[in-house]
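Student: One structure is given below, represented as structure tokens, and several questions about it will come after.
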Amino acid sequence: MAKFFKILPIIIALLYAGYKYVDTYVLPSLFIFDPKVLGQIVTDAVATSGDNSTILFRTINSALRKEYGDHVNELNFDDWMFNNAGGAMGSMFIQHASITEYLIFFGTAIGTEGHTGVHTANDYFYILKGEQWVHELGNPDPVVYGPGSVHVLERGTSQQYSMPTTCWALELAQGWIPPMLPFGFADALSSTLDIETIYRTVYFTGKAMIESLLRGKV
Ligand SMILES: *[C@@H]1O[C@H](CO)[C@@H](O)[C@H](O)[C@H]1NC(C)=O
14 MAKFFKILPI
24 IIALLYAGYK
34 YVDTYVLPSL
44 FIFDPKVLGQ
54 IVTDAVATSG
64 DNSTILFRTI
74 NSALRKEYGD
84 HVNELNFDDW
94 MFNNAGGAMG
104 SMFIQHASIT
114 EYLIFFGTAI
124 GTEGHTGVHT
134 ANDYFYILKG
144 EQWVHELGNP
154 DPVVYGPGSV
164 HVLERGTSQQ
174 YSMPTTCWAL
184 ELAQGWIPPM
194 LPFGFADALS
204 STLDIETIYR
214 TVYFTGKAMI
224 ESLLRGKV
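Just so you know, we're using this note's numbering here: the sequence shown kicks off at 14 and counts up by one.
Okay, here's the thing in structure tokens:
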């Protein structure tokens with residue numbers, strides 16, 4: 014036992030080095046979505062599809078499926094679900110979910126406000142319609158993102174955000190997705206107790222992750 018405690022620091026150092034290696038070199042190689050390509054798809058759609066959210070969703074989902082095939086689920090309007098997280102409420106449609114990435118439509122028809130959460134993935138929030146307002150710590154003025162622009166929230170950081178009224182976004186997260194899930198369920202488990210929404214979130218997230226794994230996408 015005494016011997017075990019002697020080598021414990023070495024075991025911890027090796028585990029940490031292993032994690033650092035995977036996190037730095039393996040993780041990025043598992044990503045399939047290119048934030049630049051997504052930015053171009055969004056800019057084009059905003060320029061051509063104007064102000065109609067439904068048409069924006071359809072245009073962007075088709076362009077994404079053209080680029081990434083079956084890694085992106087075909088859009089429909091039955092498989093949406095509400096999402097309560099960080100005090101904010103909106104709804105979402107899961108286009109892709111795997112261990113290292115997710116790609117969703119997220120937003121609200123009427124506005125919301127809350128905490129972004131502190132995540133284990135980088136988050137790219139491409140505004141399609143309306144505005145997202147962001148409060149950065151130490152900056153007393155709001156930073157405003159409008160259609161065609163992207164708000165990047167780096168992993169490990171947090172902000173306050175609002176969507177003052179109707180706002181829709183394409184959201185890409187790249188990093189470790191499973192540790193983000195508790196944030197996505199905390200408000201439902203501690204506040205809303207909306208079983209139907211919890212069920213739909215578990216069902217559609219699980220389904221997308223398993224389908225990704227079966228496609229060989231981690
Ligand atoms: C947006 O387009 C859809 C599909 O063409 C249509 O059903 C809907 O009424 C439009 N919404 C608005 C606000 O014009």
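Glycine included, each C-beta is placed from N, C-alpha and C at the ideal position. Owing to the predicted nature of the structure, the values given are computational and were not obtained by experimental measurement.
(1) Between the C-alpha atoms of TRP189 and ASN135, what's the straight-line distance to the nearest angstrom?
(2) State yes or no: is the C-beta of GLY103 within less than 8 Å of the C-beta of PHE90?
(3) How far does the alpha helix (DSSP H) with ARG53 in it reach, from first residue to last?
(4) Is the beta carbon of ILE73 closer than 8 Å to that of VAL55?
(5) Taking buried to mean at least 16 other C-beta atoms within 10 Å of its own C-beta, is VAL59 buried or exposed?
(6) Measuring only from the beta carbon, is ASN89 closer than 7 Å to any heavy atom that is part of ligand 1?
(7) Under the rule that 16 or more other beta-carbon atoms within 10 Å means buried, what is VAL39, buried or exposed?
(8) Is PRO160 buried or exposed, if buried means 16 or more other CB atoms sit within 10 Å of its CB?
(9) On the CB-based measure, 16 or more other CB atoms within 10 Å of its CB, does ASP200 come out buried or exposed?
(10) Taking C-alpha atoms, which residue in THR179, ALA101, TYR158 and GLU224 lies nearest to THR205?
(11) Below 8 Å between beta carbons: does that hold for PRO41 and ILE112?
(12) CB-CB under 7 Å to GLU167, same chain, minus the five flanking residues each way: which ones, in chain order?
(13) Between the stretch 85-99 and the stretch 201-220, do at least 3 Cβ pairs fall closer than 8 Å?
(14) Whole beta strand (DSSP E) runs in the stretch 70-131 with 3 or more residues, listed along the chain?
(15) For ALA221 versus HIS109, is the C-beta spacing smaller than 8 Å?
(16) Closer than 7 Å to a non-hydrogen atom of ligand 1 - does that hold for the CB of THR129?
(17) Taking the C-alpha atoms as reference points, what is the distance between TYR137 and GLY130?
(18) If you count every other CB in all the chains shown that lies within 10 Å of the CB of PHE46, and 16 or more means buried, which is it?
(19) Whole angstroms are fine: how far does the CA of ILE123 sit from the CA of LEU116?
(20) Taking buried to mean at least 16 other C-beta atoms within 10 Å of its own C-beta, is GLY143 buried or exposed?
Tutor: So, from the data block:
(1) 9 Å
(2) No.
(3) Note on residue identity: the sequence assigns Gln, not Arg, to residue 53. It spans 48-62 - the alpha helix (DSSP H) in which GLN53 sits, taken as one unbroken run.
(4) yes
(5) buried
(6) no
(7) The residue is exposed, with fewer than 16 neighbouring Cβ atoms inside 10 Å.
(8) buried
(9) buried
(10) ALA101
(11) no
(12) For GLU167, the CB contacts under 7 Å within the same chain, skipping 5 residues up- and downstream, are ASN135 in chain order.
(13) yes
(14) As far as the stretch 70-131 is concerned, its whole beta strand (DSSP E) runs of at least 3 residues are 94-98, 101-110, 114-121 and 125-128.
(15) yes
(16) no
(17) 14 Å
(18) buried
(19) Answer to the nearest angstrom: the Cα atoms are 22 Å apart.
(20) buried
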